[in-house]
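A.B. asks: Quick note, the sequences are listed as chains A and B, same order.
Everything in the first sequence is counted per the working numbering, starting at 1 for the first residue and increasing by one.
Everything in the second sequence is counted per the working numbering, starting at 1001 for the first residue and increasing by one.
We put the beta carbon where it would ideally sit given N, CA and C, even for glycine.
Okay, handing you the structure first.
Protein chains: 2
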Amino acid sequence: MTDVKTGINPLFLREEELRQGLELLFFAYRDFTGEADAILDEYGFGRAHHRVIYFVGRNPGMTVSDLLGILRITKQSLSRVLGQLVEEGFITQRPGTRDRRQRLLELTEKGVELERQLTERQRARIARAYRAAGAEAVEGYRKVLLGLIDEADRARFPARTPGRR
Amino acid sequence: MTDVKTGINPLFLREEELRQGLELLFFAYRDFTGEADAILDEYGFGRAHHRVIYFVGRNPGMTVSDLLGILRITKQSLSRVLGQLVEEGFITQRPGTRDRRQRLLELTEKGVELERQLTERQRARIARAYRAAGAEAVEGYRKVLLGLIDEADRARFPARTPGRR
DNA sequence: CATATAAGTCAACATGACTGACGTAAAAAC
DNA sequence: GTTTTTACGTCAGTCATGTTGACTTATATG
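Right, here's the structure in full:
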């Protein structure tokens, strides 16, 4: 009952393992987000700006509502950050064609450049970890993180191989 | 060059996969940290308190410096939160025996109870994800996250099975 | 036309981070 | 045994990012 280690552990849900799983997430996120801070500082931006730049770059033409849904913050919070980015020419807004109330968001060239610069090192960090761990481990990483995400948001991540395994 | 999906992908370091790895981490962390907020609110505490409670519970007798090193915040920031927790009887401080300048931190019974309550749901979330993904995936999750963490902090996580896989 | 929705704005406030300066007690170095 | 360093704490001020609540404008939809 006290100690078990037989290769791949059948009792792998013990307290200690869960805590380790928790801490891995904490430390990885801490180090991961710290990666772009130096560059952000140069522009007088913070992590909130980074998140906006990232997701707009990822989903060009997304609406403000979409973005609010992803970030899970209030529109007042977003407005400050988004307003700055628009004003300083990193993001453009244009009215939606189907629904002209919407403001579709897109990165400008300047925005694309900043996004690239910011995410570059984060991507490198992921790439390094992926390479070191191997393809099979990456598959496991995906599965577990997907399971940690609220069901509603899992749809954002397409299944890798349609059918099996 | 445009699309590859042949089971386990040899070109698994492409842009798209890296971005997905990044986003998984973002969403998982977002949903994970949101889990305890309701309980924290009842006590008038925030996430900073949670982190302190968690790590003190995890490392009883740790010093203030240790805690600062883990959280990577300034002592002024920590002081406010830690001060509250001490004052309200969740954490005790006692001078170190070897070095009497140190204040060794420990949870009180009340603190242990709060910690349990706070982390309970997070652990349940991890357990659920682990169970759904399977033992092998958990191993992969560990490997990748460990690779994401700054080398200096990897030592916090003991190797699972001493020798080989 | 009435109502709902997408987006924005103004104001006030809370949390949790930061820098910089200074203080105290104990340990370590010389 | 005096000096210096270390561990911890504190005061004061600032900033980034989140919150609530109330209100506006333009457009879509019943």
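Given 8 Å as the limit, is there contact between the stretch 1135 to 1145 of chain B and the stretch 138 to 148 of chain A, that is, 3 or more CB pairs closer than that?
C.D. replies: Touching, yes, given that three or more Cβ pairs across the two stretches are closer than 8 Å.
A.B. asks: Return yes when the Cβ of residue 1028 of chain B is within less than 7 Å of the Cβ of residue 1050 of chain B, no when it is not.
C.D. replies: Going by C-beta atoms, residue 1050 of chain B is not nearer than 7 Å to residue 1028 of chain B.
A.B. asks: Return helix, strand or coil for residue 128 of chain A, following the three-state DSSP convention.
C.D. replies: If DSSP states are grouped into helix, strand and coil, residue 128 of chain A belongs with the helices.
A.B. asks: Tell me, please, which residues DSSP counts as bridged to residue 95 of chain A.
C.D. replies: Beta-bridge pairing links residue 95 of chain A to A:103.
A.B. asks: For residue 1153 of chain B and residue 1114 of chain B, I'd like the C-alpha separation in whole angstroms.
C.D. replies: So the two alpha carbons sit approximately 27 Å from each other.
A.B. asks: Check each residue of the stretch 130 to 157 of chain A: if its Cβ is closer than 8 Å to any Cβ of chain B, include it; give the result in chain order.
C.D. replies: Hits within the stretch, in order: 130, 131, 132, 133, 134, 135, 136, 137, 138, 139, 140, 141, 142, 143, 144, 145, 146, 147, 148, 149, 150, 153, 156, 157.
A.B. asks: Note down the Cα distance separating residue 39 of chain A from residue 1121 of chain B, rounded to an integer number of angstroms.
C.D. replies: Straight-line Cα distance between these residues: approximately 36 Å.
A.B. asks: For residue 1031 of chain B, which residues in chain A fall below 7 Å Cβ to Cβ?
C.D. replies: Chain A residues near residue 1031 of chain B: 148, 149, 150.
A.B. asks: For chain B, find out if any of its Cβ atoms is closer than 7 Å to the Cβ of residue 159 of chain A; answer yes or no.
C.D. replies: Not one chain B Cβ lies under 7 Å of residue 159 of chain A.
A.B. asks: Chain A beta carbons: is any one of them nearer than 7 Å to that of residue 1053 of chain B?
C.D. replies: Taking Cβ atoms only, chain A never reaches closer than 7 Å to residue 1053 of chain B, which makes this a no.
A.B. asks: Comparing the CB of residue 116 of chain A with every heavy atom of the ligand GTP, is any distance shorter than 6 Å?
C.D. replies: With respect to small molecules bound, the structure shown includes none, and the ligand GTP cannot be examined in it.
A.B. asks: Grab the span of the alpha helix (DSSP H) containing residue 1019 of chain B for me, first residue to last.
C.D. replies: Element bounds for residue 1019 of chain B: 1015 to 1034.
A.B. asks: Residues in the same chain with beta-carbon distance under 6 Å from residue 130 of chain A, minus the five sequence neighbours each way, listed in chain order, please.
C.D. replies: Excluding positions up to five away in sequence, the list reads 138.
A.B. asks: Residues of the stretch 82 to 106 of chain A with a CB closer than 8 Å to any CB of chain B: list them in chain order, please.
C.D. replies: For the stretch 82 to 106 of chain A, which is checked against every Cβ of chain B, not one residue is closer than 8 Å.
A.B. asks: Could you give the C-beta distance for residue 104 of chain A and residue 63 of chain A, rounded to a whole number, given that I count them as a contact under 8 Å?
C.D. replies: Between residue 63 of chain A and residue 104 of chain A the Cβ distance is about 6 Å, and since that is below 8 Å, they are a contact.
A.B. asks: What is the rounded straight-line gap between the Cα of residue 32 of chain A and the Cα of residue 160 of chain A?
C.D. replies: Cα to Cα, the separation comes out at about 24 Å.
A.B. asks: Label residue 1155 of chain B either buried or exposed according to how many other C-beta atoms from any shown protein chain fall within 10 Å of its C-beta, with 16 as the threshold for buried.
C.D. replies: So residue 1155 of chain B ends up on the exposed side.
A.B. asks: If I'm right that residue 126 of chain A touches residue 1021 of chain B with Cβ under 8 Å, what's the distance once you round it to whole angstroms?
C.D. replies: Going by Cβ atoms, the distance from residue 126 of chain A to residue 1021 of chain B rounds to 5 Å, so yes, they are a contact pair.
A.B. asks: Can residue 1048 of chain B and residue 1086 of chain B be called in contact, C-beta distance under 7 Å?
C.D. replies: In this structure, residue 1086 of chain B does not lie closer than 7 Å to residue 1048 of chain B by Cβ.
A.B. asks: For a cutoff of 7 Å on Cβ pairs, would you count residue 1069 of chain B as touching chain A?
C.D. replies: Not an interface residue.
A.B. asks: To the nearest whole angstrom, what separates the beta carbons of residue 1030 of chain B and residue 72 of chain A, a pair I think is in contact under 8 Å?
C.D. replies: So it is a contact: roughly 7 Å between Cβ atoms.
A.B. asks: How many Å lie between residue 110 of chain A and residue 78 of chain A at the Cα?
C.D. replies: When rounded, the distance between both Cα atoms is 20 Å.
A.B. asks: Determine the direct distance from the alpha carbon of residue 88 of chain A to that of residue 75 of chain A, and round the result to whole angstroms.
C.D. replies: If you take the alpha carbons of residue 75 of chain A and residue 88 of chain A, they lie about 19 Å apart.
A.B. asks: What is the rounded straight-line gap between the Cα of residue 1044 of chain B and the Cα of residue 15 of chain A?
C.D. replies: Cα-Cα distance, rounded: 27 Å.
A.B. asks: For a contact defined as C-beta to C-beta under 9 Å, what are the partners of residue 21 of chain A on chain B?
C.D. replies: Those within 9 Å of residue 21 of chain A in chain B are 1123, 1126, 1127, 1129, 1130, 1138, 1141, 1142, 1145.
A.B. asks: Please report the distance separating the alpha-carbon of residue 1147 of chain B from that of residue 96 of chain A.
C.D. replies: Residue 1147 of chain B and residue 96 of chain A: Cα-Cα distance of roughly 42 Å.
A.B. asks: Quick check on the burial criterion: 16 or more other C-beta atoms within 10 angstroms. Buried or exposed for residue 132 of chain A?
C.D. replies: Exposed, since its Cβ has fewer than 16 Cβ neighbours within 10 Å.
A.B. asks: Under 9 Å between beta-carbons, which chain B residues line up against residue 58 of chain A? List them in chain order, please.
C.D. replies: In chain order: 1019, 1023.
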